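To start, the structure under review is shown below, and the notes come after it.
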Amino acid sequence: MPVIFHIPSALRDFTGGRSKVEIEHSPATLADALSALWTLYPGVRDRITTEQGQLRQHINVFIGDENVRY
Numbered sequence: 000m001p002v003i004f005h006i007p008s009a010l011r012d013f014t015g016g017r018s019k020v021e022i023e024h025s026p027a028t029l030a031d032a033l034s035a036l037w038t039l040y041p042g043v044r045d046r047i048t049t050e051q052g053q054l055r056q057h058i059n060v061f062i063g064d065e066n067v068r069y
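Start counting the sequence shown at 0; every next residue gets the next number (numbering that gives the first Met the number 0).
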């Protein structure tokens, strides 16, 4: 199943203005999905992760309706 990232307006400069980014293949994990996003749009990575590779505090991640951030 493809993964769709909904990109907030503050990050769209780093996705060529796209509000949604679809990853065609089915990543096995959230980390795999994020890695695929960063391969397509490397500028997004520094905006949503810290220098240690952790998600920044203001970033939320949902799978369906469930917040999986915490």
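Note that beta-carbon positions come from the ideal geometry of N, C-alpha and C, so glycine has one too.
The model shown is predicted, which means the values in this text are computed figures rather than measured ones.
Own chain residues within Cβ distance below 6 angstroms of residue i, not counting five before or after
i, result
"Gly42", "Phe13"
"Ser18", "Ile6"
Separation of residue j from residue i, as counted between CA atoms
i, j, result
"Ala32", "Val2", "7 angstroms"
Residues of its chain near residue i, where Cβ-Cβ distance is below 7 angstroms and the 5 sequence neighbours each way are ignored
i, result
"Thr48", "Leu54, Arg55"
"Met0", "Ser25"
"Arg46", "Leu10, Phe13"
Endpoints, beta strand (DSSP E) assigned at residue i
i, result
"Ile22", "19-22"
Close beta carbons around residue i, own chain, < 8 angstroms, minus the five adjacent residues each side
i, result
"Ala35", "Val2, Ile22, His24, Pro26"
*At a cut of 8 angstroms, does the segment 53-61 reach the segment 16-26 through at least three beta carbon pairs?*
no
_To test your reading of the DSSP string, which unbroken alpha helix (DSSP H) runs of 4 or more residues are found completely within the segment 10-62?_
29-39, 41-47
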